[in-house]
Amino acid sequence: MTYKFALMTQAQAETIAFTWHYDGEYAFYDMEADEDDLAEFLDTEQRGQSVFAITNDGELVGFVSVHQTDADTIDLGLGMKPGLTGNGTGRAFVTSILAFVEAKFDPNRITLSVATFNARAIRVYEACGFRQVASFQQDTNGSTFDFIALERKKRPQDRF
């Protein structure tokens with residue numbers, strides 16, 4: 000697959016927010032599950048220059064938000080189109096995101112957080128070189144959930 004990255008358009012944000020619905024416990028990741036997250040995602044100014052749509056052959060297949068937390072660190076938020084999850088393409092998807100972020104921002108460290116129940120995402124992240132560095136609870140979607148923080152540090156020989 001050849002993934003392409005471009006700043007997210009309002010139409011793409013609305014497609015993700017209102018039509019991407021995940022099955023079972025993964026419905027946790029539906030944009031409509033948290034009013035504050037939904038409002039932020041739909042606000043062009045808040046998305047700014049930090050949220051990118053990911054396409055494959057013109058089809059919207061995912062997104063990544065990129066936030067520089069310090070001079071050397073980029074924190075990611077990402078999502079894959081629901082119909083594409085759980086089918087073995089996660090590693091290629093995340094690897095493409097890492098390559099994009101490395102080429103555009105050249106961070107020494109990339110971080111992300113994931114709900115602890117999402118074992119399949121955790122396996123993908125670890126296969127891509129992330130390691131767990133912390134756990135925490137976060138208020139979201141009307142309750143408090145357990146999360147883990149992961150990081151991937153660039154070694155001199157690495158190319159994300």
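Count the sequence shown with numbering that gives the first Met the number 0 and you get residues 0 to 159, in order.
Note that CB positions come from ideal geometry on N, CA and C, so glycine has one too.
Since this is a predicted model, take the numbers as computed values, not measurements.
Residue j beta carbon less than 8 angstroms from that of residue i
i: threonine 110; j: alanine 70; result: no
i: phenylalanine 51; j: leucine 6; result: yes
i: aspartate 56; j: histidine 66; result: no
i: valine 63; j: leucine 41; result: no
i: isoleucine 15; j: methionine 0; result: no
i: phenylalanine 129; j: glutamine 137; result: no
Where residue i falls: helix, strand or coil (DSSP)
i: glycine 78; result: strand
i: tyrosine 21; result: coil
i: aspartate 138; result: strand
i: aspartate 35; result: helix
i: phenylalanine 144; result: strand
i: phenylalanine 4; result: strand
i: phenylalanine 129; result: coil
Residues of its chain near residue i, where Cβ-Cβ distance is below 8 angstroms and the 5 sequence neighbours each way are ignored
i: aspartate 105; result: none
i: glycine 85; result: Arg119
Terminal residues of the alpha helix (DSSP H) in which residue i lies
i: leucine 99; result: The sequence shown places phenylalanine at residue 99, rather than the leucine named in the question. Start and end: 89-104.
i: threonine 14; result: 9-18
i: alanine 118; result: 118-126
i: threonine 43; result: 43-46
Residue from the options with nearest C-alpha to residue i
i: arginine 90; options: Ala12, Cys127, Val60; result: Cys127
i: threonine 139; options: Val132, Arg119, Tyr124, Ala114; result: Ala114
i: tyrosine 124; options: Phe135, Ser134, Tyr28, Ser112; result: Ser112
i: tyrosine 28; options: Thr54, Pro81, Val100; result: Pro81
Other residues of its chain near residue i: CB distance less than 7 angstroms, five sequence neighbours each side excluded
i: glutamine 45; result: Glu39
i: threonine 43; result: Gln9
Contact set for residue i: own chain, Cβ-Cβ below 6 angstroms, skip 5 residues either direction
i: lysine 152; result: Arg108
Boundaries (first-last residue) of the beta strand (DSSP E) holding residue i
i: glutamine 67; result: 58-69
i: threonine 110; result: 108-114
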